[in-house]
Structure formats: C-alpha cells, structure tokens
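*Asks:* Numbering (the numbering used here), first residue to last: -14 to 47.
Note that the Cβ used here is the ideal one computed from N, Cα and C, for glycine as well.
Got a structure for you, written out below as structure tokens; questions coming shortly.
Written out as structure tokens, the structure is:
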C-alpha cells in the first residue's frame, strides 16, 4: 500500500510515484554526466533557445 501525499506539498499522489520519479531523474542526470558528447557552452544554448522562442512567437502572430 502506498502512502498518499498531500497535494499542497507534493506533485505526486503517492510516495511510490515520488520515489519512482526520483530514481528516473537521478538516472537521467547520471547519464548526462557520464556522456562523452561535447558540452554546449551556455551562451550557445541560450542563443538557440532565444531563436526557438522568437520562432514560436512569430508562428503565433501569423
């Protein structure tokens, strides 16, 4: 039986769901840390996001 969580305190309904998400998240973070892919500089990442946001704004206006 899973412990019910207060919706004002947790976005998860049960402790089991919270624990499952925590395991998934930690696995993803560790995979990223272990990755051999080259790091993307912050300025480059932000420039890409700025372009994406601007593109989406233009699509909404049209």
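Which whole-angstrom value describes the C-beta separation of residue -1 and residue -7, a residue pair presumed to lie in contact below a C-beta threshold of 8 Å?
*Replies:* The count along the chain shown starts at 1 and reaches residue -1 at position 14. The count along the chain shown starts at 1 and reaches residue -7 at position 8. Contact between residue -1 and residue -7 fails: their C-beta atoms lie close to 15 Å from each other, not under 8 Å.
*Asks:* Specify the secondary structure class of residue 12 as computed by DSSP and reduced to three states.
*Replies:* In the chain shown, counting from the first residue as 1, residue 12 sits at position 27. Note: residue 12 maps to helix in three-state DSSP.
*Asks:* Once the 5 residues before and after residue 4 are set aside, which same chain residues still bring their CB inside 7 Å of it?
*Replies:* Numbered from 1 along the chain shown, position 19 holds the residue referred to as residue 4. Hits under 7 Å: none found.
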